[in-house]
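These notes concern the structure reproduced below.
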Amino acid sequence: MILPKIREVDALLQSDLSIRERIREIHPELAFWSMNGETPLNFPKKTAEGLAERTRLLVSQGVHETVAGDRPPRGAAADDLLDALAALVVARHIAAGRGRPFPDPPGRDSHGLPIAIWTYRPAPESNQDIVMSARPVSRPMIEEAAGRIAGHARVTPVMRLGTGAFGSAADVSLKLECLQHAGSFKTRGAFNNLLSLPVPAAGVSAASGGNHGAAVAYAAMKRGVKATIFVPEISPAAKIEAIKRFGAEVVVGGAQYDDAQAACDRFVTDTGALKIHPFAALETIAGQGTLGREWDSQEPDLDTVLVAVGGGGLISGIASWFAGSKVRVVGVEPEGSRALQAALDANGPVEVKVASVAADSLGARNVGQLVYDVTKDSVDHVALVPDAAITEAQAVLWRDFRLAVEPGGAAALGALLCGAYKPAKGERLGVLVCGANVDLAKLAAIVG
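Under my numbering, the first residue of the sequence shown is numbered 23, with each subsequent residue one higher.
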């Protein structure tokens, strides 16, 4: 239990530079990490008060007994383990706040994994520091999330269509996440956040083009928590109505998603509400990763999965689950909204312009450092699809299967229909249908 939690500390600190400074402000008795990956940990002098506070934090999270009964790895001081785990507890309290990426990415070890940005201070009898490395999001983290959200998120079905479906040479199946609570996969990440992090009296807040907001509103309603959701002006009426139906307060926060995000940040700063990020947070990504875990259990013989990409939280979670397996994870983005493709081309996240029929759900301008770090080595490639292919996929899903799917939810199938992704003969191809919050009038116009 210790090592996964230490890796979680590492991943949290890599994902959000502000966490380190905020830990320093809130709990100065805890240990702090070097920012450049070269200087070992500089632990403050241990005090009885500091040890008592660390112990209190750990006991409240049910991990102290594990530490006390476990042998520290490779000579690391037990007190240093307390520091790492206590910092994890505090970091989880504030991980949903505003953050910015590290100025320089961490180095890589011989296995291609990111080297931790901190090392243990060696115990007195040890002559070497212990350097930890880990993927930002791991299977154990996703397994924990799956246990956490069990009974809260639906197990969604797979529709097996067989060889030759949609005129392809592949053995095709559809993963119908469009049947999830609140109409999209976002419910998984929303519940994982609410069940992982303490919720203040001000409740929770999120910025969303619609699906994330609806998911957070739904999860908050089920947990009896107040939710304030900031939406951009481009949000479809159907999605705004879904958010309101689940009891959340809806605030229009500007013309585009980034404007709503800025308004949400101001609200969180002013009120102390817990911010639930739609993609750039470990709890969110691990929650979305439960979809990959579930899919894998339903179809263990898959060769490739097609996954739509907006901000990248979904594909980050799915790719984290399938990392190291034979399954290829292929992203699908609209031609006019290609934040992940642009990041992969530029070797880092960059701002992009957004113009697509699917912009309300796949319209992120920047995937951010965490998503980039997760996907750059675990996503096979990105297929770009025109809007015409997306709307064609919507029409096919309605005409052939009576599935009412939003543009972003149909994008992955669009890649197969238009040839942006060409499967090999006999390839076992899973296509994710991930969202159903569609404007029915617009869908009616598409299907004719």
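Just so you know, even glycine gets a beta-carbon here, dropped at the ideal spot from N, CA and C.
Residue interval of the beta strand (DSSP E) (run including residue i)
{"i": "L454", "result": "R450 to V455"}
{"i": "S227", "result": "V226 to A229"}
{"i": "A405", "result": "H403 to V407"}
{"i": "V389", "result": "Counting along the chain, V389 falls outside any beta strand (DSSP E), and DSSP gives it neither H nor E."}
Distance, residue j Cα to residue i Cα
{"i": "A224", "j": "V247", "result": "9 Å"}
{"i": "A260", "j": "F252", "result": "15 Å"}
{"i": "V376", "j": "S319", "result": "35 Å"}
{"i": "A417", "j": "N388", "result": "29 Å"}
{"i": "H234", "j": "E321", "result": "27 Å"}
{"i": "V453", "j": "L196", "result": "5 Å"}
{"i": "Q283", "j": "H299", "result": "9 Å"}
{"i": "Q202", "j": "G169", "result": "17 Å"}
{"i": "R245", "j": "A386", "result": "28 Å"}
{"i": "Y394", "j": "D367", "result": "11 Å"}
{"i": "G346", "j": "L313", "result": "17 Å"}
{"i": "R350", "j": "V274", "result": "38 Å"}
{"i": "I256", "j": "K266", "result": "16 Å"}
{"i": "L217", "j": "E263", "result": "25 Å"}
{"i": "G189", "j": "R182", "result": "15 Å"}
{"i": "I337", "j": "T293", "result": "32 Å"}
{"i": "A458", "j": "F207", "result": "10 Å"}
{"i": "P220", "j": "A446", "result": "47 Å"}
{"i": "G311", "j": "Y279", "result": "24 Å"}
{"i": "K348", "j": "D382", "result": "33 Å"}
{"i": "K444", "j": "P258", "result": "32 Å"}
Residues near residue i in its chain [Cβ-Cβ closer than 6 Å; skip 5 each side]
{"i": "A364", "result": "V372 and V374"}
{"i": "R450", "result": "D193, D323, L324 and D325"}
{"i": "T185", "result": "D193"}
{"i": "A204", "result": "A236, A237 and Y240"}
{"i": "E474", "result": "Any answer about residue 474 is impossible in this case: the structure gives the chain only from 23 up to 470."}
{"i": "F268", "result": "A239, Y240 and M243"}
{"i": "P179", "result": "L198"}
{"i": "A229", "result": "F252, A282, Q283 and C286"}
Boundaries of the alpha helix (DSSP H) in which residue i is found, first to last residue
{"i": "D193", "result": "That residue, D193, is in no alpha helix (DSSP H); its beta strand (DSSP E) goes D193 to L198."}
{"i": "E10", "result": "As shown, the chain starts at 23 and ends at 470. That puts residue 10 outside it, with no answer to give."}
{"i": "I164", "result": "R161 to I171"}
{"i": "T178", "result": "T178 -> no alpha helix (DSSP H), and no H or E assigned at all."}
{"i": "L384", "result": "A381 to L384"}
{"i": "V290", "result": "Y279 to T293"}
{"i": "I256", "result": "Segment: none, I256 is in no alpha helix (DSSP H) and carries neither H nor E."}
{"i": "V274", "result": "Taken as a continuous stretch (DSSP letters only), V274 belongs to no alpha helix (DSSP H), being part of the beta strand (DSSP E) at E271 to V274."}
{"i": "G431", "result": "P429 to C440"}
{"i": "R210", "result": "K208 to S218"}
{"i": "R245", "result": "N233 to R245"}
Close beta carbons around residue i, own chain, < 8 Å, minus the five adjacent residues each side
{"i": "C440", "result": "V407, P408, A410, A411 and E414"}
{"i": "G390", "result": "P123, F301, A302, G333, G334 and P371"}
{"i": "V455", "result": "L196, K197, L198, E199, C200, L419, L425, V427, G431, A432, A434 and L435"}
{"i": "A442", "result": "V354, A405, L406, V407, A411 and G436"}
{"i": "R421", "result": "V469"}
Beta-carbon proximity list for residue i, same chain, < 7 Å, skipping 5 on both sides
{"i": "A295", "result": "P222, A224, G225, V226, S227, T250 and F289"}
{"i": "T209", "result": "A175, Q202, H203, A237, Y240 and A241"}
{"i": "V460", "result": "A260, A426, V427 and E428"}
{"i": "R360", "result": "V374 and L406"}
{"i": "A167", "result": "N214, A308, G309, G311 and T312"}
{"i": "L362", "result": "V331, G334, G353, E355, V389, T397 and V404"}
Next on the checklist: Would you call the segment 409-427 in contact with the segment 446-464, where contact means no fewer than 3 C-beta pairs closer than 8 Å?
Outcome noted: Under the Cβ criterion (8 Å, minimum of three pairs), the segment 409-427 counts as touching the segment 446-464.
Next on the checklist: For the segment 395-406 against the segment 349-359, do three or more pairs of beta-carbon atoms, one drawn from each stretch, fall closer than 8 Å, so that the two count as touching?
Outcome noted: Contact between the segment 395-406 and the segment 349-359 is present: 3 or more CB-CB pairs across the two stretches fall below 8 Å.
Checklist entry - Counting Cβ pairs closer than 8 Å, one from the segment 305-313 and one from the segment 340-352, do we hit at least three? => result As far as the Cβ criterion goes, the segment 305-313 touches the segment 340-352, which means the pair count is three or higher.
Item to check | Continuous beta strand (DSSP E) assignments of at least 3 residues falling wholly in the segment 299-379 | outcome: Complete beta strand (DSSP E) runs here, min 3: 326-330 and 350-356.
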